[in-house]
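S.K.: Numbering (the working numbering), first residue to last: 232 to 941.
1. Please determine if the region 582-589 and the region 697-707 are in contact, where contact requires at least 3 C-beta pairs separated by less than 8 angstroms.
2. So the candidates are 917, 519, 940; which of them puts its Cα closest to the Cα of residue 934?
3. Would you kindly report the start and end of the unbroken alpha helix (DSSP H) that includes residue 366?
4. Go ahead and pull the three-state DSSP assignment for residue 589.
5. Residue 923 bridges to which residues according to DSSP?
6. Could you compute how far the alpha carbon of residue 424 sits from the alpha carbon of residue 491?
7. Hey, how far is the Cα of residue 756 from the Cα of residue 764?
8. Between the beta-carbon of residue 746 and the beta-carbon of residue 351, is there less than 8 angstroms?
9. For residue 309, count neighbouring Cβ atoms within 10 angstroms of its own Cβ and tell me buried if that reaches 16, exposed if not.
10. Quick one: any contact between the region 785-794 and the region 846-863, if contact means 3 or more CB pairs under 8 angstroms?
11. May I ask you to verify whether the region 585-595 touches the region 545-556, counting CB pairs closer than 8 angstroms and requiring at least 3?
12. Could you check whether residue 511 and residue 436 sit closer than 8 angstroms to each other, using their CB atoms as the reference points?
13. Skipping 5 residues on each side, what residues in its chain have a beta carbon closer than 7 angstroms to that of residue 316?
14. According to DSSP, residue 649 sits in a beta bridge with which residue or residues?
15. Starting from the N-terminal side, write out each stretch of the alpha helix (DSSP H) that is 4 residues or longer and does not extend beyond the region 326-374.
16. Assign residue 281 to one of three DSSP states: helix, strand, or coil.
17. Taking residue 453 as the reference, give the member of 686, 509, 666, 612 with the closest Cα.
18. Using beta-carbon positions only, say whether residue 825 and residue 277 come within less than 8 angstroms of one another.
19. Since residue 833 and residue 284 should fall inside the 8 angstroms C-beta cutoff, what is the C-beta to C-beta distance between them, to a whole number of angstroms?
20. Assuming the contact rule is C-beta atoms closer than 8 angstroms, residue 798 and residue 634 should be a hit. Round their C-beta distance to whole Å, please.
21. How many Å lie between residue 344 and residue 243 at the Cα?
22. Around the C-beta of residue 926, are 16 or more other C-beta atoms found within 10 angstroms, so that it is buried, or is it exposed?
23. Apart from the five residues on each side of it in sequence, which residues of its chain come closer than 6 angstroms, Cβ to Cβ, to residue 865?
24. Hey, out of 911, 881, 924, whose CA is closest to residue 443's CA?
25. Taking 8 angstroms as the threshold (C-beta atoms), are residue 371 and residue 931 in contact?
26. Pull up the distance between the alpha-carbon of residue 782 and that of residue 577, whole angstroms please.
27. Excluding the 5 residues flanking residue 831 on each side, which residues of the same chain have their C-beta closer than 6 angstroms to its C-beta?
28. I need the DSSP call for residue 633, collapsed to helix, strand or coil.
29. Which class does residue 241 belong to by DSSP, given the choice of helix, strand or coil?
30. CA-CA distance, residue 427 and residue 619?
31. Across which residues does DSSP place residue 691 in a beta bridge pair?
32. Considering only DSSP beta bridges, list what residue 678 is partnered with.
33. Can you grab the Cα-Cα spacing for the pair residue 364 / residue 335, in whole Å?
34. If you reduce the DSSP assignment to three classes, tell me which class residue 906 lands in.
35. Going straight from the alpha carbon of residue 900 to that of residue 368, what length do you get?
36. Our contact map puts residue 573 next to residue 754 with C-beta atoms below 8 angstroms; I'd like the distance itself, whole angstroms only.
Below, the structure is given as C-alpha cells:
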C-alpha cells in the first residue's frame, strides 16, 4: 500500500505543534514537525512523535466497559453504547433525585482543554448539572493566574502573554518552558526562540529551586527557596516604587487604578527581607528590578512552580504589577494580549469568572469560576450529611495521581454509590468507576484550539480535520457528552424550563466543527472555515499587537485594577510570616519533556532510556543524613509516606528535594493498560490538602518532608 502525507496536530501539550504524518492504510509510519506551520515552524518534541502510540495502543479502550466485582476480583466486561449511556443516566439521575443536585460531583481533567469536543460540548454537560460540587485540574495548576486576571482585567482568561520573539530581557520565575513547551504561554520551538533572543543581544534569567532544563540554557540562574517567590517579586516591586526616581520610572497609564496602593503595600518588602526569606541575595533582587526597568523591552513570566505554591495569587499579581509599572504591559517585547480568530474572551464562549459565590460544605472553601478547590473533593465524598457527594463523573482525569493526598482520595472513591468515567484507559482513578465510556483520540477527530490560540506568542489560526475516520462502533467525546446530558436530564424529577432544554438540545446536537465555523464568522479576522480547510498548515495573523488597552479590557469599566481587595488582604497576611527556621526539606515536583502528566506511560518510545522516577536530592543533604546516592529512601510528609530510589544532583538547591509528577500505579491488579509500566511513586501521596493558596489552588510545591534511608 502506497504511503501518503497528511497534516495533523499534536494536542498533548499547550504548544499545539503542527505535524506532518506519513500514513499507510490506518497506520502512522512517520511523524515529523510541519515546517509550514506558522506557529510551530517545524518543531516537534518526543511527545508529538509518540502521538501515534496513543492511537495504536492495544491497551486503549475503544468500547464501553462495566466493572464486575470488587478489588482484586474485579474484571471489566464490554457492553454496548446504549446500555452504557442508560447505566450512567439511570444512576446519576437516581442519586440526584434521591439526594439533591449536590450529591453529584463532576471532575474535569487536563486533557479536556486539548479537545475541541470537550470545549464545545463538555462544558455544556458540566453546566447542565446544577451541582455545586464541580472540580477540575485547574485548582492544582493555574487557578491563581485565572483569578488574578479576573480581578485585575475583568476576565479569567484575559492573560498577558510574554512577547518572547521581540523581548530583550526575559525573567522566568518557576517555569520550565524547555520541558513544557510553554504553559499559559503557547510557545512551540522554545529552544530556537531562546537562541534568537540571545542572537539579538537579549538575556534570559531564571529563578527556580532547581537548575531546570530552562535554567541550563539561561544567561543567569538563581536558586530561590520553594514558596518564597512572593517576597522576591514584592521586593522587586519595592525597588521600582521606592528606590527609583520619577525620571527613571514610566508614567502609569491613565486607565490603571491602584498604583499608590501597590507602593504602600510593598513598602516593607525590602530586598534584604527577600534575601532572609528566599536565599536570593538582596543585591541580585535590586539588580534584576533595575534591569527590568532599563530594558528596551522586558517581561516577567511565572508558572506552575509559583502558582502551585502557598502564595500563588500574590505572586501572579506581583508579576502583572511588575510588567505594568515597568511600562512593559501591552507593548511589543513585553506582556501582550492575543487577538485570535476566535476570541474566547470577547465572544463569551468562556465566562468572565467570579469568586466566592458559594463555599464548600465541609471546609467552607470558596469557589472560583463555578468550581471548588479539588483539594476538597475527598472530604466532600467522605463526610455524611446533606450535599454529600455520592456519585462522581470524571472526564479525562486522574485525580488520584494529580491532586493532594491521593491515597486518601483513592480510598474515598471506593465508598461512592456510583461512579462513571469518560476515558480511554483504566487508570488509578477510573478503576473505581462502574462504567467507562471511551472516546476517539486526537487523530480520529477534527481539531481547532479554542484556548491555546488565545495564549500563543503569535496570532495564528488552524483547523485540522481528522486524520482517520472513526470506527462505526466508536464515539467522539462530544457525542458521549450529548447522550449523557440528554438522557440524564430527561430522567430528573426537577427539570429545567422547556426553553432552556430546547436550547441545550440544539447546542449539543450541532457538531464542534459547525460551531467553529459559526464562531469564526462572528470574529473580525476574516478567517473562515473554508479558508482554513484550504490551508491546513494554518493561517498566520502576525505578531502580537500592542496598544490594545484600554479598549480591549474585558472589565465593564475599561479600567485595570492594580489593587484588588482579595490580594491586598493576602499581602497583609504575607507580611506577618516569619523567616524560615528548622531543617525541614522542602519537596517540589518536576516534569520531563518525555512525560505528559500520567498520560504517556504506555508509550515505549517515551518510557525507554534512563530512569526518571527518582527523588533528586542535593549531595550535601544526602551526606548530612548518611544516605548513599542510589539508595532506597522513605519520604514522609504530614499526610503520608512513600519509598523510592534517590539520586544525587547538584541541580537541587540545598534543602530541596524533587519528585516527578504523574508517576505511581495501583497495586491491586485492576488496571488495564500500562503494560510497559515505569517505576515510580505518586508525589501527591505526600502533598497536603490543607495547604492552599487564597485562590484555592493546592500548594503542591514547598511541602515539608523528611527523608530517611529505608
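Positions of the beta carbon are idealized from the N, C-alpha and C atoms, including for glycine.
M.R.: From the atom records:
1. With the rule of 3 Cβ pairs closer than 8 angstroms, the region 582-589 does not count as touching the region 697-707.
2. Along the chain shown, one-based indexing puts residue 934 at 703. Comparing alpha-carbon positions, the option among 917, 519, 940 lying closest to residue 934 turns out to be 917.
3. Here residue 366 refers to the residue found at position 135 when the chain shown is read from its first residue. Not the alpha helix (DSSP H): residue 366 falls in the beta strand (DSSP E), residues 365-367.
4. Here residue 589 is taken as the residue at index 358 of the chain shown, counted from 1. Looking at residue 589 - three-state DSSP - the assignment turns out to be strand.
5. Locating residue 923 in the chain shown gives position 692, where the first residue counts as 1. Looking at the DSSP output, residue 923 bridges to 929.
6. For the purposes of this step, residue 424 is taken as residue 193 along the chain shown, with counting starting at 1. For the purposes of this step, residue 491 is taken as residue 260 along the chain shown, with counting starting at 1. Rounded to whole angstroms, residue 424 to residue 491 spans 36 angstroms at the Cα level.
7. Position 525 of the chain shown, counting from 1, holds the residue named residue 756. Position 533 of the chain shown, counting from 1, holds the residue named residue 764. Each residue's Cα considered, the two are about 16 angstroms apart.
8. Counting from 1 along the chain shown, the entry for residue 746 is found at position 515. Counting from 1 along the chain shown, the entry for residue 351 is found at position 120. Yes.
9. If you number the chain shown from 1, residue 309 lands on position 78. Classification for residue 309: exposed.
10. No, they do not touch.
11. Contact between the region 585-595 and the region 545-556 is absent: fewer than three C-beta pairs spanning the two stretches fall below 8 angstroms.
12. Within the chain shown, residue 436 is the residue found at index 205, counting from 1. Within the chain shown, residue 511 is the residue found at index 280, counting from 1. No, Cβ-Cβ distance for residue 436 and residue 511 is not below 8 angstroms.
13. On the chain shown, residue 316 is found 85 positions in, with the first residue counted as 1. Within the same chain, Cβ atoms closer than 7 angstroms to the Cβ of residue 316 are found at 714, 715, 718, the five residues on either side in sequence being excluded.
14. Taking the first residue of the chain shown as position 1, residue 649 is located at position 418. Answer by DSSP bridge pairing, in chain order: 622.
15. Segments of the alpha helix (DSSP H) lying fully in the region 326-374: 354-359.
16. Counting from 1 along the chain shown, the entry for residue 281 is found at position 50. In the three-state DSSP reduction, residue 281 falls in the coil class, being neither helix nor strand.
17. Along the chain shown, read from residue 1 onward, the residue named residue 453 stands at position 222. That would be 509, whose Cα lies nearest to the Cα of residue 453.
18. Here residue 825 refers to the residue found at position 594 of the chain shown. Here residue 277 refers to the residue found at position 46 of the chain shown. Between residue 825 and residue 277, the gap from beta carbon to beta carbon is short of 8 angstroms.
19. As a position in the chain shown, residue 833 is number 602, starting the count at 1. As a position in the chain shown, residue 284 is number 53, starting the count at 1. For residue 833 against residue 284, the beta-carbon gap comes to about 7 angstroms, under 8 angstroms, which counts as contact.
20. If you number the chain shown from 1, residue 798 lands on position 567. If you number the chain shown from 1, residue 634 lands on position 403. With a Cβ gap of about 25 angstroms, residue 798 and residue 634 do not count as contacting.
21. Stepping through the chain shown from its first residue, residue 344 is reached at position 113. Stepping through the chain shown from its first residue, residue 243 is reached at position 12. Going from the Cα of residue 344 to the Cα of residue 243 covers about 10 angstroms.
22. Residue mapping note: residue 926 aligns to position 695 of the chain shown, counting from 1. Label assigned to residue 926: buried.
23. Taking the chain shown and counting its residues from 1, one reaches residue 865 at position 634. Answer for residue 865: 872, 874, 939, 941, listed in chain order.
24. Locating residue 443 in the chain shown gives position 212, counting from the first residue. Nearest Cα to residue 443 within the set 911, 881, 924: 881.
25. To locate residue 931, count along the chain shown from 1; it is residue 700. To locate residue 371, count along the chain shown from 1; it is residue 140. If you check the CB distance, residue 931 and residue 371 come in under 8 angstroms.
26. Position 551 of the chain shown holds residue 782. Position 346 of the chain shown holds residue 577. Cα to Cα, the separation comes out at about 12 angstroms.
27. Translated into positions along the chain shown, residue 831 becomes position 600. Counting only Cβ-Cβ distances below 6 angstroms, and skipping sequence neighbours, we find 837.
28. Start at 1 with the first residue of the chain shown, and residue 633 comes out as number 402. Reduced to three states, the DSSP call for residue 633 is helix.
29. Counted from its first residue, the chain shown places residue 241 at position 10. If DSSP states are grouped into helix, strand and coil, residue 241 belongs with coil.
30. Along the chain shown, one-based indexing puts residue 427 at 196. Along the chain shown, one-based indexing puts residue 619 at 388. For the pair residue 427 and residue 619, the Cα-to-Cα distance works out to about 54 angstroms.
31. Stepping through the chain shown from its first residue, residue 691 is reached at position 460. Per DSSP, 771.
32. Along the chain shown, read from residue 1 onward, the residue named residue 678 stands at position 447. Paired residues: 695.
33. As a working mapping, residue 364 is identified with position 133 in the chain shown. As a working mapping, residue 335 is identified with position 104 in the chain shown. Rounded to whole angstroms, residue 364 to residue 335 spans 7 angstroms at the Cα level.
34. As a first step, residue 906 is located in the chain shown; it is residue number 675 there, counting from the start. Residue confidence is low: residue 906 scores 47 on pLDDT, short of 50, so the model does not pin down where it sits. Its coordinate-derived value is still stated next. Reduced to three states, the DSSP call for residue 906 is coil.
35. Mapped onto the chain shown, residue 900 falls at position 669. Mapped onto the chain shown, residue 368 falls at position 137. Note that residue 900 scores a pLDDT of 46, beneath 50, so its modelled location is shaky; the value from the coordinates is reported in the next line. Cα atoms of residue 900 and residue 368: separation of roughly 26 angstroms, rounded to the nearest angstrom.
36. The count along the chain shown starts at 1 and reaches residue 573 at position 342. The count along the chain shown starts at 1 and reaches residue 754 at position 523. The distance from the Cβ of residue 573 to that of residue 754 is about 6 angstroms, consistent with a contact at the 8 angstroms cut-off.
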